[in-house]
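Residue numbers (the UniProt record's numbering), protein chains in the order written: chain A, 1 to 251; chain B, 1 to 263. For each residue, glycine too, the CB sits at the ideal point set by N, CA and C. Comments concern the structure below.
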């Protein structure tokens with residue numbers, strides 16, 4: 001156990017340092033949600049959205065989940081590059097814990113995601129977002145759990161493909177419908193029944209709704225609780241599944 | 001009196017399932033390597049050299065057979081084997097943007113050295129492998145020969161008993177190849193490290209190896225000292241290893257395998 005922890009720390013340190021060295025990736029992941037915030041958010045100001053809060057309290061939680069969805073799902077990209085350079089193999093001949101090779105990277109992704117989330121919320125505040133600090137913290141917890149889940153799956157999948165060309169289309173074809181079906185841009189309360197029903201099968205929807213409830217300070221109406229349950233279940237399933245796949249792929 | 005071998009395999013085999021059926025890459029190999037020797041594992045492309053090496057370094061599970069590497073069972077105790085071997089892949093394996101010292105430190109930490117221990121060994125290896133002025137450069141800024149020396153330094157940081165080198169001089173210019181041969185000899189002499197290297201360069205095998213194992217079609221087809229093989233198969237100790245190789249495998253290595261070398 002202590003070797004797992006210290007190995008995870010070693011792996012985490014390597015990748016955190018790499019992230020800090022190329023700050024471009026931090027900005028890159030933020031691009032899309034920032035654009036929505038700046039160029040889409042203002043359109044919603046006078047539109048009835050059917051929720052409790054104002055337009056920013058509806059949009060920013062959605063953008064946080066979108067950020068988590070996209071930056072974590074593409075986490076595996078780096079591992080494909082490392083495989084091609086022989087770095088993965090070099091690590092695999094050392095006795096370093098196989099699990100730490102996954103967890104160290106996932107931890108780095110969580111830290112990166114939290115930093116991006118904080119920046120996104122600060123920009124939101126500049127645009128007019130007002131939300132309770134506790135609500136924002138709950139939102140960050142949801143985003144982190146989502147990030148850990150998706151990054152684990154992404155790494156496990158990346159271990160099984162050889163080129164970025166095989167990887168990117170799969171992620172895109174999962175992510176875009178997932179984003180649209182979880183009511184990230186507009187609440188699903190506006191949807192016709194069939195779409196609303198369909199979206200209940202997408203777990204990210206519950207995270208979006210939980211974060212929205214948290215952002216208006218409504219911690220007891222059930223959305224936050226359901227969101228937390230879904231987030232924890234998603235993380236438990238994804239991390240154990242991801243670990244298994246990652247190991248079997250020879251890591 | 002014979003010392004016990006540091007590496008033995010028994011009927012070690014590996015098959016791959018492909019769309020066109022089962023391919024037997026390695027068909028049951030029995031080898032023994034003595035401590036402190038430089039063993040050349042020689043064969044044409046596709047002979048099963050790399051597959052064997054990948055099994056011996058725990059990267060690939062054998063389909064059949066057993067092996068003991070540096071005193072530990074390959075299949076049951078891979079973690080203990082890993083702690084005692086070093087491996088340099090043909091392509092190396094460093095991140096272009098990482099500074100050399102960082103890569104070495106990370107490698108040391110993966111072998112569970114403390115930061116202080118690792119730092120000490122980095123200084124020592126940098127002196128030994130002529131990397132001293134390069135520690136703060138990015139890996140991408142190194143020349144081919146420097147990169148190879150870094151790869152070897154990475155593989156030596158935990159003082160392994162056996163060093164596995166996969167086609168170590170592929171892609172190097174003649175001067176760097178000669179330097180690397182000298183370095184490999186020096187590692188063996190100074191550290192008493194056993195060296196297990198694959199190559200398809202006949203001159204390299206001849207120049208460097210105490211003993212050769214020639215594989216073809218996934219099997220060991222001949223083994224012995226270069227002189228022994230030349231006498232046995234090539235007709236005389238003065239025979240070239242090329243003639244010997246053709247006599248053993250029934251064909252020559254590809255033309256581009258005979259790289260020009262300055263010696």
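Asked	Found
Compare the Cα-Cα distances from residue 224 of chain B to each of B/39, B/166 and B/186 and report the closest residue.	B/39
Starting from the N-terminal side, write out each stretch of the beta strand (DSSP E) that is 3 residues or longer and does not extend beyond the stretch 184-249 of chain B.	194-199, 211-216 and 219-224
Counting only runs that start and end within the stretch 139-180 of chain A, where is the beta strand (DSSP E) found for 3 or more residues in a row?	none
In the DSSP assignment, find the alpha helix (DSSP H) that holds residue 210 of chain A and state where it starts and stops.	204-215
Which value, in whole angstroms, describes the spacing of the CA atoms of residue 71 of chain B and residue 57 of chain B?	13 Å
Are the C-beta atoms of residue 107 of chain B and some chain A residue less than 8 Å apart?	yes
Closest Cβ-Cβ distance between residue 95 of chain B and chain A: below 8 Å?	yes
From this set, A/75, A/150 and A/103, which residue's C-alpha is nearest residue 233 of chain A's C-alpha?	A/150
Between the stretch 82-100 of chain A and the stretch 139-155 of chain A, do at least 3 Cβ pairs fall closer than 8 Å?	no
Tell me the start and end of each unbroken alpha helix (DSSP H) in the stretch 86-173 of chain B that is at least 4 residues and wholly inside, in chain order.	100-110, 115-128 and 144-156
So, helix, strand or coil for residue 41 of chain A, using DSSP?	helix
So if I threshold CB-CB distances at 7 Å, which residues from the stretch 67-94 of chain A count as touching chain B?	85, 86, 87, 89, 90, 91, 92, 93 and 94
Please name the residue, chosen from B/170, B/232, B/162 and B/6, that lies closest to residue 68 of chain B on a Cα-to-Cα basis.	B/6
Per DSSP, what kind of secondary structure is residue 16 of chain B in: helix, strand or coil?	strand
For residue 55 of chain B, count neighbouring Cβ atoms within 10 angstroms of its own Cβ and tell me buried if that reaches 16, exposed if not.	buried
Start and end of the alpha helix (DSSP H) containing residue 233 of chain A?	223-248
Taking 8 Å as the threshold (C-beta atoms), are residue 210 of chain A and residue 135 of chain A in contact?	no
Using a Cβ cut-off of 8 Å (strictly closer), state whether residue 14 of chain A contacts chain B.	yes
Given a cut-off of 8 Å, decide if residue 62 of chain B and residue 13 of chain B are closer than it, judged by their beta-carbon atoms.	yes
Report buried or exposed for residue 20 of chain A, applying the criterion of at least 16 other Cβ atoms within 10 angstroms of its Cβ.	exposed
Could you list which residues in chain A have their beta carbon closer than 8 Å to that of residue 235 of chain B, in chain order?	The contacting residues do not exist; residue 235 of chain B stays about 41 Å from chain A at best.
Is the distance from the Cβ of residue 165 of chain B to the Cβ of residue 197 of chain B below 8 Å?	yes
With a threshold of 8 Å between beta-carbons, can residue 174 of chain A be considered close to chain B, or not?	no
For chain B, check one thing: does any of its Cβ atoms lie closer than 8 Å to the Cβ of residue 21 of chain A?	yes
Indicate whether residue 246 of chain A and residue 159 of chain A have their beta-carbon atoms separated by less than 8 Å.	yes
Take residue 187 of chain A as the anchor and find which of A/125, A/208, A/43 and A/137 has the nearest alpha-carbon.	A/208
Exposed or buried, residue 200 of chain A, counting other C-beta atoms within 10 Å across all chains shown (16 or more means buried)?	exposed
Residue 13 of chain A lies in the alpha helix (DSSP H); which residues open and close that run?	2-21
Report the residue from B/77, B/91 and B/139 whose alpha carbon sits nearest the alpha carbon of residue 101 of chain B.	B/139
At a Cβ threshold of 8 Å, is residue 57 of chain B touching chain A?	yes
Taking contact to mean 3 or more Cβ pairs, one atom from each stretch, closer than 8 Å, check whether the stretch 33-44 of chain A and the stretch 63-75 of chain A are in contact.	yes
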